[in-house]
Amino acid sequence: MKKSNLYNNSQKINVFSDTDILVRKFSLKFKNDSDKVFNENRKYFVALSGGQTPKKLFKYLAENYIDKIHWSNVHFFWGDERCVQLDNSESNYGEADRLLFSKINIPKENIHPVICDGNSETARKKYEEEIKSNLFKKNDKLVFDLIILGVGEDGHTASIFPNQLNFISSTNICEIAHHPQSNQERITLTGPVIMHAKKIVFLVTGESKSEIVCKILRKCVGYDKLPAALIKPESGIVEWYLDREAAKKL
136 MKKSNLYNNS QKINVFSDTD ILVRKFSLKF KNDSDKVFNE NRKYFVALSG
186 GQTPKKLFKY LAENYIDKIH WSNVHFFWGD ERCVQLDNSE SNYGEADRLL
236 FSKINIPKEN IHPVICDGNS ETARKKYEEE IKSNLFKKND KLVFDLIILG
286 VGEDGHTASI FPNQLNFISS TNICEIAHHP QSNQERITLT GPVIMHAKKI
336 VFLVTGESKS EIVCKILRKC VGYDKLPAAL IKPESGIVEW YLDREAAKKL
């Protein structure tokens with residue numbers, strides 16, 4: 136089961152019967168897009184997300200695309216990261232390294248984690264410099280080829296939470312976010328950097344996300360206070376990859 140362009144032309148909405156099919160379809164799209172950039176003799180700049188669905192994506196890519204993608208041409212960054220050591224079990228980088236990077240032949244210099252050694256402001260500034268020194272600019276704006284995002288049940292995306300909507304319009308590349316419940320510090324890309332990307336993809340699965348997905352995509356009352364609903368690219372593309380459970384209330 137797959138449906139596209141359910142509501143409008145500004146967002147392409149794809150619904151798949153289960154998470155495995157979603158991951159398979161997105162992986163093929165990732166390969167094709169990265170091949171296109173490789174053939175244009177450009178580097179492919181990607182920002183990853185943490186969460187359960189990316190875990191399945193990383194594992195699938197490692198098992199099925201180990202030698203089918205020009206990994207030496209792909210550069211990985213993160214849309215957000217917890218301020219923990221790289222070997223911490225909560226690290227988004229650590230998750231991707233365990234499930235994907237350690238399984239494929241990718242140069243170490245192509246992987247750009249957030250380095251948190253105790254001082255979050257230092258980590259934020261260093262990550263801004265890491266991004267600026269690698270990404271190209273278009274109209275004086277840094278441009279990712281692809282940013283993969285998730286959506287929390289509260290409508291947050293990356294680590295932009297509903298109580299920190301100022302990050303949607305921040306002039307910084309990165310900000311220091313605080314989780315609303317735990318107050319844990321995180322480094323997150325800001326709204327403008329996300330919205331300058333050539334392509335933004337939301338990967339959202341599971342029944343627990345169905346209510347927030349419906350609220351965002353149907354533009355229900357209060358949707359405009361949800362960070363994920365405020366991601367509106369300047370000239371790029373927003374795609375939603377949903378499994379049937381996440382889309383059941385649409």
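Numbering-wise, the numbering used here puts 377 at position 242 of the sequence shown, and it's gapless, one number per residue.
Built from N, CA and C at the ideal position, the CB exists for glycine as well.
Query                                                                                                                                                                      : Result
In the DSSP assignment, what residue or residues form a beta bridge with K334?                                                                                             : L281 and I372
Among E310, G290 and D275, whose alpha-carbon lies nearest the alpha-carbon of H133?                                                                                       : Residue 133 is absent from the model: the chain starts at 136 and stops at 385.
Just reading off the beta strand (DSSP E) that Y195 is part of, what are its end residues?                                                                                 : Where Y195 is concerned, there is no enclosing beta strand (DSSP E), although the alpha helix (DSSP H) it sits in stretches over Q187 to N199.
Starting from E346, trace the beta strand (DSSP E) both ways and give me its first and last residue.                                                                       : Taken as a continuous stretch (DSSP letters only), E346 belongs to no beta strand (DSSP E), being part of the alpha helix (DSSP H) at S345 to L352.
Is N223 helix, strand or coil by DSSP?                                                                                                                                     : coil
Note the first and the last residue of the continuous beta strand (DSSP E) segment covering F180.                                                                          : Y179 to L183
Across which residues does DSSP place H313 in a beta bridge pair?                                                                                                          : E320
What's the call for M136, buried or exposed, on a 16-neighbour Cβ count within 10 Å?                                                                                       : Because M136 sits at a pLDDT of 44, beneath the cut-off of 50, its placement in the model cannot be relied upon, and the following sentence gives the value as read from the coordinates. M136 comes out exposed.
Taking W213 as the reference, which of D170, A364, G185 and D222 has the closest Cα?                                                                                       : G185
Near E265, what residues of its chain come up, given a Cβ to Cβ distance below 6 angstroms and the 5 sequence neighbours on each side ignored?                             : H247
Cutting at 7 angstroms between CB atoms, please list the residues of its own chain near I239, excluding the five before and the five after it.                             : A197, I201 and W206
Give me the residue from R321, T306, W375 and P297 with the minimum Cα distance to D252.                                                                                   : R321
Apart from the five residues just before and just after F271, which ones in its own chain have a Cβ nearer than 7 angstroms to its Cβ?                                     : V278
Beta-carbon within less than 6 angstroms of Y358's beta-carbon, same chain only, minus the 5 sequence neighbours each way: which residues are those?                       : K350, I351 and A364
Rounded to the nearest angstrom, what separates K147 and K334 at their Cα positions?                                                                                       : 11 angstroms
Could you tell me the boundaries of the beta strand (DSSP E) in which R259 lies?                                                                                           : Looking at the DSSP string, R259 is not in any beta strand (DSSP E); the run it does join, the alpha helix (DSSP H), is S255 to K267.
With the cut-off set at 8 angstroms, would you say V286 and I329 are in Cβ contact?                                                                                        : no
Does the contact criterion of 3 or more C-beta pairs under 8 angstroms hold for the region 186-193 versus the region 154-165?                                              : yes
Pull up the DSSP beta-bridge partners for Q146, would you.                                                                                                                 : V373
Can you grab the Cα-Cα spacing for the pair F165 / A231, in whole Å?                                                                                                       : 16 angstroms
Taking the beta strand (DSSP E) that R379 falls in, what are its first and last residues?                                                                                  : Looking at the DSSP string, R379 is not in any beta strand (DSSP E), and its letter there is neither H nor E.
Spatial neighbours of Y262 within its chain, please: CB distance less than 7 angstroms, with the 5 preceding and 5 following residues excluded, ordered by chain position. : V249, C309 and I322
Take the Cβ of L235 as the centre, count every other Cβ of all protein chains shown within 10 Å, and call the residue buried at 16 or more, exposed below.                 : buried
Mapping the DSSP letters down to three states, classify F151 as helix, strand or coil.                                                                                     : strand
Using 8 angstroms for Cβ pairs, my map puts G290 next to L377. What's the rounded Cβ distance?                                                                             : At roughly 15 angstroms, the Cβ-Cβ gap does not stay under 8 angstroms, so G290 and L377 are not in contact.
Is T325 near F302, with beta carbons less than 8 angstroms apart?                                                                                                          : yes
Relative to the alpha-carbon of K344, which residue among S304, T306 and T188 has its alpha-carbon at the smallest distance?                                               : T188
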